[in-house]
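Trainee: Those protein sequences? They're chains A and B, same order as listed.
Residue 1394 is where the first sequence ends in the working numbering, and the numbering goes up by one at each step.
Residue 642 is where the second sequence ends in the working numbering, and the numbering goes up by one at each step.
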Amino acid sequence: MTTVSLTLRIWRQAGSAKPGGFEVHRLDAVSTDLSLLEALDLLNERLIAAGERPVGFEHDCREGICGSCGFLVNGQAQGPQRATSVCQLYLRQFLDGAVLTLEPFRARAFPVLQDLAVDRSAFDRIITAGGYCSINTGSAPEANTLLVGREQAAMAFDAATCIGCGACVASCRNASASLFVAAKLAHLGQLPQGQPERQQRARALQAQMVNEGFGSCSSHLECEAVCPQQISADWISWMHRESWRRP
Amino acid sequence: MSPTPRLDPRLPEGPVATAWQRCRESLPLISPNRKQRLRILVVGSGLSGAAAAASLAEQGYRVQVLTYHDSPRRAHSVAAQGGINAARNYANDGDSVERLFRDTVKGGDFRAREAGCHRLAEISGAIIDQCVAQGVPFAREYGGTLANRSFGGALVSRTFYARGQTGQQLLYGAYQAMLRQVAAGRVELLCRRDMLDLIVHDGVARGVVCRHQISGALEVLSADAVLLATGGYSNVFYLSTNALKSNATAIWQAHRRGAWFANPCFTQIHPTCIPSGEAHQSKLTLMSESLRNDGRIWLPLRPGDDRPPATIPQAERDYFLERQYPSYGNLVPRDLASRRARELCLEGRGVGPGGRSVYLDLAEAVARDGTTAIETRYGNLLEMYERITGEDPRTTPMRIYPAPHYTMGGLWVDYHLMSTVPGLFVLGEANFSEHGANRLGASALMQALADGYFIAPATVTGWLAGRAAGTLPADHPACCEALATVEARIEALRRTGGSQPVDVFHRRLGHLMIDACGISRQADRLAVALGELETLRLGFLAEVRIPGDDSVLDAELAKALRLEDFFGLADLMLRDALARQESCGAHFREDHQTPSGEALRDDERFAHIAAWEHRPGATPVRHSEPLVFQTVTPGPRSYG
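1. Using the three-state DSSP reduction, which class does B:L648 fall into: helix, strand or coil?
2. Assign B:H203 to one of three DSSP states: helix, strand, or coil.
3. Taking beta-carbon pairs under 9 Å, can you tell me which members of the segment 1273-1284 of chain A lie near chain B?
4. Nearest by alpha-carbon distance to B:L346: which of B:R336, B:P335 and B:R358 is it?
5. Of all Cβ atoms in chain A, is any one closer than 8 Å to the Cβ of B:Y455?
6. So within the segment 1236-1275 of chain A, which uninterrupted beta strand (DSSP E) runs reach at least 3 residues, ignoring any that extend past its ends?
7. Between the alpha carbons of A:A1199 and A:Q1160, how many angstroms are there, rounded?
8. Along chain C, which residues have their Cβ under 7 Å away from the Cβ of B:R76?
9. What span of residues does the alpha helix (DSSP H) with A:R1159 cover, start to end?
10. Report the rounded CA-to-CA distance for A:A1156 versus B:A557, giving the unit in angstroms.
11. With DSSP as the reference, label B:S4 as helix, strand or coil.
12. Measure from the alpha carbon of B:N35 to the alpha carbon of each residue in B:A467, B:G570 and B:L514, then state which is nearest.
13. Please list, in chain order, the chain A residues whose beta carbon lies closer than 8 Å to that of B:L148.
14. Tell me whether B:H508 sits in a helix, a strand or coil according to DSSP, three-state version.
15. How long is the line joining the alpha carbons of B:W414 and A:R1393, rounded to whole angstroms?
16. For A:L1335, return the contacting residues in chain B, with the cut-off set at a CB-CB distance below 7 Å.
17. For B:L286, which residues in the same chain have their Cβ closer than 7 Å to its Cβ, ignoring the five residues on either side in sequence?
18. Got a sec: is the Cβ-Cβ distance from B:P549 to anything in chain A below 8 Å?
19. Inspect the beta-carbon positions of B:R582 and B:C267 and report whether they are closer than 8 Å.
20. Would you mind sorting A:T1284 into buried or exposed? The rule is 16 or more other CB atoms within 10 Å of its CB.
21. Please check if any C-beta of chain B sits within less than 8 Å of the C-beta of A:G1125.
22. Return the chain-ordered ranges of every alpha helix (DSSP H) run that is complete within the segment 406-474 of chain B and spans a minimum of 4 residues.
23. From which residue to which residue does the alpha helix (DSSP H) around B:W254 run?
24. By Cβ distance, which residues of its chain are closer than 7 Å to B:P622, with the 5 residues on each side in sequence left out?
25. Could you tell me the alpha carbon to alpha carbon distance between B:A88 and B:A149, rounded to whole angstroms?
26. Is the shortest distance between the beta-carbon of B:S4 and the beta-carbons of chain A less than 8 Å?
27. Would you call B:D337 buried or exposed, if buried means 16 or more other Cβ atoms sit within 10 Å of its Cβ?
28. Let's test the definition: count the other Cβ atoms within 10 Å of the Cβ of B:A343 and tell me whether it reaches 16, buried, or not, exposed.
29. Round the Cβ separation of B:Y380 and B:L293 to the nearest angstrom and send it over; I've been treating them as touching at under 8 Å.
30. Anything in chain B within Cβ reach of A:T1231, meaning under 7 Å, just list it in chain order.
31. Please identify the residue among B:V206, B:D204, B:G205 and B:L223 whose C-alpha is closest to the C-alpha of B:R213.
32. At a Cβ threshold of 8 Å, is A:P1251 touching chain B?
33. What is the DSSP secondary structure of B:I32, reduced to helix, strand or coil?
34. For A:F1361 and B:C193, what's the separation of their Cα atoms in angstroms?
35. Suppose you measure from the CA of B:M3 to the CA of B:Y92; what does that come to, to the nearest Å?
36. Kindly confirm or deny that the segment 55-72 of chain B and the segment 37-46 of chain B touch, where touching means at least three C-beta pairs closer than 8 Å.
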């Protein structure tokens, strides 16, 4: 078993209205087959046994698909590995003796709840503003009535894989949710089923993004670099073209 | 163990092929005006919960949706990889509603209701229509029609898929449909709430008590009907493919309040998962079973052979599934593949850390089709494997081992999806229906969406039509009693004053359950495990430490509440596995097998659904609902 020893500088903040600061913990000789979240589990077990408050962080599926987890590792949203959320980030990615600074996503629209956990409910409200095709259960036509080319379906799928983790926001200088919004618009806007509401959807989602306190696109493309689903920032240009599109 | 009058499945009489239509047409309706005054509570926001919430709200009901996630989009349906079955016969390969129906009954090893399975097959096509109309980006053929594949050994191509993320895309479809109703003001989302008790008044479900994870406040919610869509309980095994927060609390608390629990021992083990190694490993990750289409499963002939797998010559490899099942080979059903792998590992033939895995080798497929073709087919899976293990599956055989994955058992429901508590409906994996003793690949998503989009919206209306609208006030004695019960429970857990974190006990529970009630079960072991479980439970209650109540997220309290309920359910699973003295589907009893090691079903004594009644302070009582087969004759399952 290969092991590493790590120093973790973790942001600790008891609640959203409380002051926060870094706290240093050491993990000695831990297996490189553990994920970073499993290392935090290990640390938490020790903290609990010592009567201290465990580190709060969001997680659930631990296979990179639910989008619950996410924080900054040494300033990078979702950590240093390409196309990987922190639950899939294994300790073998780090050198022995490394110092890891873990802090929550920083964005006005994502208030800190505790330690590494933030409130991302703004994303749900953006989708509520129009991120759907209006179709009632039971009124759908036969599935093969509308043909969708293979390439077209694949492009829509690529955009639709967004897991709503918020790394794009956390990596953007303007804390913009442009990649998140563009991904949803591109998913539905490229399919025939999404056409009737296409323009209205583009306007409504972008307006809601602004209302939630997200900034506008900073054009740095950090969002694409950190996205665990590798969603292309080209969709942001696509979204901007949507605003000028004739109905 | 005679059938009890209370256990009326309300199956329509007559031929199963038209049963659902006749049932639907006989259900009373409710006027749109009246629907606006009726309140429905949906617990859980996965496929079945979100689909039901959206569909009921579209009809005009006032719906509240409760989820412990920060967003409904996190529900564990999101992780389903493979696909969703539908009898559309787009492949022109002879599929039909009748065939999907028969496959489902047979796949469940004749432990499911014919009428329910037939309804599922009938509805399957409409689900695909609905999802496509929502904008679910299913895989397509070049001509633009929907693509299908054969899945899990099926002889026809009836599985619709969206690369390896079908569950995610279907969930987002249902989630978006539900948020559309939030925008319309008909659905109210209540996130970050754990349902901790069911409120029952005059024998009827009237609401729930839940705990807000941030404020810690206990809330009473009352409704005209309560729908549980809270998923399965594979996490009773600690390590499983389920998300870490997946739990049985909602169904277990409903069980304690009078909802009978059906077939708790029917749990499915998935053969192709990334094995466990580390003591602090927190979950097992599933690798889609589609890999078995191209991968060959083998072990070195010589036990303890620790040479790098690629250097072991063909003559010294045992392709054990191909050897034992010449016609099905690596595509044998999940339970057989799992059992054979486990047996060989127990004999000391396994590979990897602790000898707890077998090889799944893509080398031949890579040589035949090229790396690019294999990557196109399994791209994201190969990357996932590499991220987790640090090994490249294109050049080194993958190591896999079976892991708990899905629970066929769940709360007993009648044909209308209503539990033994009137007004309490149970949907999706949380109920026991349709999959019998074993679920077919790509049928979980189908059942969840059939329940959510089509069945519950019809039957819940049927139930509400006969009742006066009205919720209970928060100070109603039934609400106060449930609230006080939850308060006392939390207080007791906080007071234990032990020193150990919750996970320590959950790991121990998992070890016990996977050993005694996992892939293979045995009467003596099950009986001993009942005693060990009680010791473990008492140890948990005495030694656990929940950090002080000043913590916002209070994850340890949430875990402790869930674990306490897993202890209760584990006891019932052991009792059920002990009482079912036969092998069927995923339930394999070593004392009930043929000389060649195949499962031995006992249709004389066990062609029934076991439904357990909770009795406070006493041992639970096992009731049974006999199964009648009009259309498909129970026969032996043969995969030789």
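Every residue gets a Cβ at the ideal spot worked out from N, C-alpha and C, and that includes glycine.
It should be emphasised that the depicted structure is a prediction, and the values quoted were computed from it without experimental measurement.
Mentor: Inspection of the coordinates gives the following:
1. One cannot answer for residue 648 of chain B here, as it falls past the ends of chain B, which runs 3 to 642.
2. strand
3. I1274, T1275, A1276, G1277, G1278, Y1279, C1280, S1281, I1282, N1283 and T1284
4. B:R358
5. yes
6. 1246-1250 and 1259-1261
7. Looking at the sequence shown, residue 1199 of chain A is not Ala but Glu. So the alpha carbons of these two residues sit roughly 14 Å apart.
8. Chain labels in this structure do not include chain C; the protein chains are A and B.
9. No alpha helix (DSSP H) holds A:R1159; the beta strand (DSSP E) holding it covers T1150 to Q1160.
10. Per the sequence shown, residue 1156 of chain A should be read as Arg rather than Ala. Their Cα atoms are separated by approximately 21 Å.
11. Confidence at B:S4 is low in this model, with a pLDDT of 46, below 50, so the placement of that residue is unreliable and no value is reported for it.
12. B:A467
13. A1290 and N1291
14. Reduced to three states, the DSSP call for B:H508 is helix.
15. 55 Å
16. Near A:L1335 (Cβ distances below 7 Å), the residues of chain B are G137.
17. In chain order, L241, S242, T243, C275, I276, S278 and A405 place their CB closer than 7 Å to the CB of B:L286, counting only its own chain and leaving out the 5 sequence neighbours on each side.
18. In terms of beta-carbon proximity, B:P549 lines the interface with chain A, with at least one pair separated by less than 8 Å.
19. yes
20. buried
21. This structure gives no information on residue 1125 of chain A, because the portion of chain A shown stretches from 1148 to 1394.
22. 446-451 and 458-466
23. T251 to R258
24. L574, R577, W614, E615 and H616
25. 12 Å
26. Low local confidence applies: a pLDDT of 46 at B:S4 is under 50, so the model's placement there is unreliable, and no value is given.
27. By the neighbour-count criterion, in which 16 or more other beta carbons inside 10 Å mark a residue as buried, B:D337 falls on the buried side.
28. Around the beta-carbon of B:A343, 16 or more other beta-carbon atoms lie within 10 Å, marking it buried.
29. 6 Å
30. R389
31. B:L223
32. Residue contact check for A:P1251 against chain B: no CB pair falls below 8 Å.
33. If DSSP states are grouped into helix, strand and coil, B:I32 belongs with coil.
34. Each residue's alpha carbon lies about 22 Å from the other.
35. Bear in mind that a pLDDT of 45 at B:M3, under 50, signals an unreliable position, so the number given afterwards is only what the model happens to contain. When rounded, the distance between both Cα atoms is 46 Å.
36. yes
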